[in-house]
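One structure is given here, and the rest of the page talks about it.
Protein chains: 4
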Amino acid sequence: MAGNSIGTLFKLTSFGESHGEGLGGIIDGMPSGVAVDLDFVQEELDRRKPGQSAIVTQRKEGDRIEILSGVFEGKTTGTPLAFLIRNENQKSKDYSHIKDTYRPSHADYTYDQKYGIRDYRGGGRSSARETVARVVAGAFAKMYLRQQGINFSAFVCQIGHLKLEKSYQELDLSLTETNNVRCPDLDLAAEMESYVKDVRKEGNTVGGAIQCVIQGLPTGLGEPVFDKLHADLGKAMLSINAVKGFEYGSGFEAISMKGSEHNDAFNTDFSTQSNYSGGIQGGISNGEDIYFKVAFKPVATLMQKQTTVNAKGEAVEMEGKGRHDPCVVPRAVVIVEAMAALTIMDHYLRAKSYQ
Amino acid sequence: MAGNSIGTLFKLTSFGESHGEGLGGIIDGMPSGVAVDLDFVQEELDRRKPGQSAIVTQRKEGDRIEILSGVFEGKTTGTPLAFLIRNENQKSKDYSHIKDTYRPSHADYTYDQKYGIRDYRGGGRSSARETVARVVAGAFAKMYLRQQGINFSAFVCQIGHLKLEKSYQELDLSLTETNNVRCPDLDLAAEMESYVKDVRKEGNTVGGAIQCVIQGLPTGLGEPVFDKLHADLGKAMLSINAVKGFEYGSGFEAISMKGSEHNDAFNTDFSTQSNYSGGIQGGISNGEDIYFKVAFKPVATLMQKQTTVNAKGEAVEMEGKGRHDPCVVPRAVVIVEAMAALTIMDHYLRAKSYQ
Amino acid sequence: MAGNSIGTLFKLTSFGESHGEGLGGIIDGMPSGVAVDLDFVQEELDRRKPGQSAIVTQRKEGDRIEILSGVFEGKTTGTPLAFLIRNENQKSKDYSHIKDTYRPSHADYTYDQKYGIRDYRGGGRSSARETVARVVAGAFAKMYLRQQGINFSAFVCQIGHLKLEKSYQELDLSLTETNNVRCPDLDLAAEMESYVKDVRKEGNTVGGAIQCVIQGLPTGLGEPVFDKLHADLGKAMLSINAVKGFEYGSGFEAISMKGSEHNDAFNTDFSTQSNYSGGIQGGISNGEDIYFKVAFKPVATLMQKQTTVNAKGEAVEMEGKGRHDPCVVPRAVVIVEAMAALTIMDHYLRAKSYQ
Amino acid sequence: MAGNSIGTLFKLTSFGESHGEGLGGIIDGMPSGVAVDLDFVQEELDRRKPGQSAIVTQRKEGDRIEILSGVFEGKTTGTPLAFLIRNENQKSKDYSHIKDTYRPSHADYTYDQKYGIRDYRGGGRSSARETVARVVAGAFAKMYLRQQGINFSAFVCQIGHLKLEKSYQELDLSLTETNNVRCPDLDLAAEMESYVKDVRKEGNTVGGAIQCVIQGLPTGLGEPVFDKLHADLGKAMLSINAVKGFEYGSGFEAISMKGSEHNDAFNTDFSTQSNYSGGIQGGISNGEDIYFKVAFKPVATLMQKQTTVNAKGEAVEMEGKGRHDPCVVPRAVVIVEAMAALTIMDHYLRAKSYQ
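Protein chains in written order, with the numbering used here: chain S, 91 to 445; chain X, 91 to 445; chain A, 91 to 445; chain E, 91 to 445.
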């Protein structure tokens, strides 16, 4: 109940602080007999890693994963799969200046209020570095689900005012990983990259959005009435640092639509002609693509002077130090996919109890 | 795990079908010693009730609540509080024509796929009538939380293209319940009502949006990293029938904002000058107002001819019968409040274990 | 977390007080498509019912079950199955004399301490009448499991000093239901019945024990390391009113055994020659019979004068009124079976997620 | 649901195999601000450690704990507390001879049936070495609870036929740790030690029992009706390797007692004159001592020839190799205390939500 687990039959419990010994987690419920592809796990981690391109934070983190249990002779055993990623290049002293300072729109104040203690080094537990555990667990979920033909494709669909207007069906999603911003529209990607560089030059940051498409899903996943598939996907996305909104299928556009436009007519093979439902009806997958969008706020740490308060309530001046992202979405693409994979994996196993 | 419970320390388990014996639920975790205000519960139910105005479904449902346990001499006892609302005016034969038909954008097909059986009368379990249980549980949560000074105010902020442009601070939220659409801007409310009537005349339906504001919340509610307060609010909202999207604080607008605009500067009493954070930082309440928006799709049942398929995959014509809402948001206002109250109540009790 | 649910994939949430409106529960996770045999459910309730023989309480309770949801056209739908048993013959005034009195070895004092309020009528929620909900849920679990060839046979194996010395293999368990004490050894049963009558004449009560045998179980049920099959069976049994101990397989006798005696040698078909393991190894069923024993204390309500205290801490005299059991085990046989069935059902569904 | 977590508000999720990289766990729900006494944790681990005396296994295991997260500047932060104990002296080749063999009364066969794969080295996940994680989590629970005045004292009360007849009140429990068998009756302890040595000389093993006393507990812990305090204690104990039975208070002796003997009369300060209830009434602590007993079977690994089968169902001869315990109870004392502490800690935090 203390909030560090997600999932029921496929459950990730994560641990770790940005500047402690390391981060990691335990996956409980990994099916046995799955061949473990550690290179794939590492590739996924590398997609999230700082320092991978000119438009992300230049911190260097090795992010090498060590599997501690649950694998024997290259296969999963069905027992808890624990993993650890040691912190290596953490510069705690970069944070000594904020020891007694509450940074605006960070979690410094709320953690202090809740716990009466605060690991101020890099945000401690509230740091987005915590998401490495999610990426690892997501990689294991994908490893299993791709055997069932289920695939996850996330990509950046907006940075600042630069918005991808094409639908995902019009795009070649294999281009996502070919550019630094991870947008499959290469012209727009170039614009976005240039824009992010400008933003960084001002010492500023900017928000963004990621779309995710899940393909190859069978019908029947999702547990009404509270654990509807999109409700669990939404919670998973909203639990990612900096996320402010979630919509699936027609999303917020449904507000101004009429029923006669919005209804997805059936074909005689039970597929649908349109897919405003986003692959989910009544909380249960219908076999069509699931697609959803996630909104991220601009990073709160600025390379500009800001006025804020310290723990005594005194006004103080502060300026970001260290190495920070001007925009989180390029590195968050793999996190969105991971959280989607965790959620689908959990519902996949849950659905098996009905068969 | 079968999906009909929500919450941890304050948990609602709901049951019932739209045309079965009745609907109801069990609240486990209701604190003891709370004076039970059944009139209030009934008022809340009446806010959701069909037939309450010209722009909602004209079905007549008594929706009288019976408390089955957990109350003794007018006070809660701390034991499970079970309640039952009998179905009264259900016309099952209104649905015999869809027995073998999968209605577009309904849950008919997915339920049949998942369970191999389908209670076709009024959608059975997938009917929005299931939300009566939520309204009751929400009323009990509110009953407790208002003693702590915590209040919930939801209202309609958009129907079709008619969008409320004022912020909630500029409005008198006590006007919400004075009009049929439940929009606190009375001019806009009149426009909306007229628009919904037009839509109904065409036999059509339209989407809408609801905003909800939570005031009087203490700091410290929310459990990082997965049970962030807004993640649980989001899941609760997304579990409501017809919901397609959720955003809190700056929401989707954060995408195009810069950090320098978006950061909420602290005052020396730790309140913030702006509130793009929506009252939550790092997943934990910071004492500011929480506000969020929920998008609803247009109702799928149309009073128009539609082509669809039956369970054999044959194309069939169908037309909505019975009595349906042209737009769900006026009746959903109390449901949004209820789900918000359930979520806050759960986190309120969870936070107590730290004190 | 408030303790009124048991199970994960097959979950019972129960409600009700002995003298309130009624008792009941919600089963969440009942598989769909199971033909509902309500006569069987009623028969099971009748095995628990007061007034069924000369040696149990002479209270009259109709204990008629009403199904509120989850069944359509005689079959389960996979949605929550709610049920209600109205209280009928409750004589609350039988309890007015104990309104301010804490009865020895009852839950009066502890409920008052925990909740600050106490429904004194017949023990309220702490009454063993709460077990009707368990019997109903157990009946539904049995209904499903008997289709898989899994059967539950509980019987009284001790009352006071009268102990069944034969093993269950030496007995004809079909004789259990032929006598009032529910002991399959008819000579011993007659002795036990006579003994219970003597105890009742003194206005006294006596303890007892029940053995339960589960047959036809597949291998592979149970989730190490914490949800071992016998750990969940043990918890289920210990949650029954008046239970003081649980042992399975060799149980407490294993203490004085040597490994060379206790080890169960394998046959070449992987069955075992002996079964000290009680059908469970490493927390997982091995396909042999599961058998366990449950110890019940003597009923705390005596038809004798006792000195006790009231809520102010003043010494008061009291004497049991109303109609009480001199020994609970005859009526508890079906409860033990029900809790065993719930536990096995839950693990049966859990095991399916591995297949 | 995969069974490797225990607790709700104070939750341990454990991982690790006896011959893998290591074992450990995550404690989620550790209150913040507790001064961490790592020496105490290590002392607790040392009480469980192999090789500590002449009557336990002579394996050498360093069992050095590393804290990975959740502690900052010597205090707990309220975030997940992860820990790791690396395996050091594991001799996997000691087990190569059993690679394809199912050892009698071990979990080899059932794990293979359940998971289709088996880490045969030292039992893998089914090894009692898994309990190191429990001891660590128990140490943290004790660290918090001793500040509340709550203490745990377990001791060996029976080995084979040698049974402690005195009640715990007649004993000086501080003597428990002064002898190799951990029995506070020093004469009996000497007899037990000598007996265990004899058993070991035969290459045999023997069962035993442990009693545990919890003192200083407030009233009000335990959540009826399913999460009764003794039901959760029972489950916790039954989840320990080799446990066959659990009883609390009067336990199995209650079977042959009459109500007039068994009832615990109140004093005017609400304490009770006797304590057959074992400190728990209606599933809720009443402020008296909680005491219970746990039965352990004899270790299944014998230093004698045994006939068994291999995975093909062929009869094979085998003999234990490696270094094994002739009797588990001396090393299990700290495990029983740990599981008791975990359970009490969880209910302590749960009870706070009522205050």
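From the three backbone atoms N, C-alpha and C, an ideal C-beta is built for every residue, glycine too.
| query | result |
| --- | --- |
| Collapsed DSSP secondary structure at Ile330 of chain S in the structure displayed | coil |
| 8 Å Cβ cutoff, Ser243 of chain X in contact with chain A | no |
| C-alpha gap between Cys417 of chain A and Leu311 of chain E, whole angstroms | 28 Å |
| Segment contact flag, the stretch 390–409 of chain A with the stretch 337–346 of chain A, C-beta cutoff 8 Å, min 3 pairs | no |
| Whole-number beta carbon distance between Val399 of chain A and Phe529 of chain E, since they are thought to touch under 8 Å | Nothing about residue 529 of chain E can be reported from this structure: the residues present for chain E run from 91 to 445 only. |
| Sequence ranges, alpha helix (DSSP H) only - wholly within the stretch 408–433 of chain A, length at least 4 | none |
| Option in S:Tyr234, S:Ser95, S:Gln142, S:Asp275 with minimal Cα separation from Tyr444 of chain A | S:Tyr234 |
| Test: Ala431 of chain E CB closer than 8 Å to a CB of chain S | no |
| Nearest residue (CA-CA) to Val124 of chain A, options A:Gly160, A:Ile155, A:Gly93, A:Gly110 | A:Gly160 |
| Three-state secondary structure (DSSP) of Ser350 of chain A | helix |
| Straight-line Cα distance separating Thr103 of chain A from Tyr185 of chain X | 32 Å |
| Beta-carbon proximity check, Val225 of chain A vs Ala385 of chain A, cutoff 8 Å | no |
| The stretch 349–367 of chain A in contact with the stretch 316–327 of chain A per 3-pair CB rule at 8 Å | no |
| Beta-carbon spacing of Tyr199 of chain E, Asn376 of chain A below 8 Å | yes |
| Pair within 8 Å by beta-carbon distance, Asp436 of chain E and Gly97 of chain E | yes |
| Three-way DSSP call (helix, strand, coil) for Leu171 of chain A in this model | strand |
| Residues in the stretch 148–169 of chain S having any Cβ partner in chain A nearer than 9 Å | Gly168, Thr169 |
| Under the three-state DSSP convention, the category Tyr338 of chain X falls into | strand |
| N-terminal and C-terminal residue of the beta strand (DSSP E) that Glu283 of chain E is part of | Note, Glu283 of chain E: premise wrong, no beta strand (DSSP E); alpha helix (DSSP H) at 276–291. |
| CA nearest to the CA of Gln301 of chain S, picked from S:Asp275, S:Thr309, S:Asp288 | S:Asp275 |
| Bridge-paired residues (DSSP) for Asp118 of chain A | A:Lys101 |
| Range covered by the alpha helix (DSSP H) that runs through Phe316 of chain S | No alpha helix (DSSP H) contains Phe316 of chain S, which DSSP labels as neither H nor E. |
| Cβ-based burial, Leu128 of chain S [other Cβ within 10 Å; buried from 16] | exposed |
| Minimum C-alpha distance to Ser195 of chain A - residue among E:Lys165, E:Ser350, E:Asp415 | E:Ser350 |
| Span separating the alpha-carbon of Thr147 of chain S from that of Arg413 of chain S | 5 Å |
| Residue-level contact to chain X via CB, Tyr366 of chain E, 8 Å cutoff | no |
| Leu298 of chain X, enclosing beta strand (DSSP E) - first and last residue | Note that residue 298 of chain X is Gly in the sequence shown here, rather than Leu. Its beta strand (DSSP E) spans residues 298–305. |
| Residue environment, Glu313 of chain S, which counts as buried when at least 16 other CB atoms sit within 10 Å | buried |
| CB-CB length for Lys383 of chain X against Cys247 of chain X, believed under 8 Å | 7 Å |
| Nearest neighbour of Asp277 of chain A, chosen from A:Gly297, A:Leu254, A:Glu111 [CA to CA] | A:Leu254 |
| Contact set between Tyr444 of chain A and chain S, taken where Cβ atoms lie within less than 9 Å | Pro121, Ser122, Gly168, Leu439, Lys442 |
| For Asp153 of chain X and Val222 of chain X, believed in contact at Cβ under 8 Å, the rounded distance | 6 Å |
| CB of Gly324 of chain A within 8 Å of CB of Leu432 of chain E, strictly | no |
| Any C-beta of chain E under 8 Å from that of Leu311 of chain X | no |
| Assumed close pair Gly106 of chain A, Leu158 of chain X - CB separation to whole angstroms, cut-off 8 Å | 7 Å |
| Three-state secondary structure (DSSP) of Ser375 of chain S | strand |
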